[in-house]
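S.K.: Heads up: the sequence shown begins at 8 in our numbering, then just goes up one per residue.
Note that CB positions come from ideal geometry on N, CA and C, so glycine has one too.
These numbers were taken from a predicted model, which means no experiment stands behind them.
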Amino acid sequence: RLGLDYHDTLSLLFAEGQSPVHLSAPAAVTELLSNIRLQHAASQKATRVALHSVLQAFSPEGLLARFSHYRRGGQGENAGWEWDMYQHYFRELTSSRQQGFEKLFRQVYAQAYDRAVREGLESL
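1) What first and last residue would you give for the alpha helix (DSSP H) that runs through L40?
2) Determine, using beta-carbon pairs with one atom in the stretch 115 to 123 and one in the stretch 42 to 56, whether at least three such pairs fall under 8 Å.
3) With a CB to CB cut of under 7 Å and the five nearest residues on each side skipped, what residues in its chain are close to M92?
4) Please confirm whether A48 and G127 have their CB atoms less than 8 Å apart.
5) If you reduce the DSSP assignment to three classes, tell me which class H14 lands in.
6) Measuring straight from C-alpha to C-alpha, what distance separates F112 and D15?
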């Protein structure tokens, strides 16, 4: 990255004098490990939040509320209308055109990850 050969890079990293613009090698490694821990924790939290969001989107109450908006006159008289609606909804969400599952997961994951990183940085 610095355009130096191996020997010059090591000499620069472990030089006795402090650089006003570069971290010392131990400080750089400490910062790197701290960033990796923060990103790992943020990724775990974002995954939990995104999976919870996807599961909530498929809760029985949530689905019935959603399907009731689409119910046409007389459709509720059919005892299996909920199952039919679920099958249509599932096919639509998993279609390559909609990418519903992936889109929902990505959106929630990105927001939760950003929030977790910001919270983690504030606590440092």
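M.R.: According to the data block:
1) A32 to A64
2) yes
3) F74 and Y77
4) yes
5) helix
6) 46 Å
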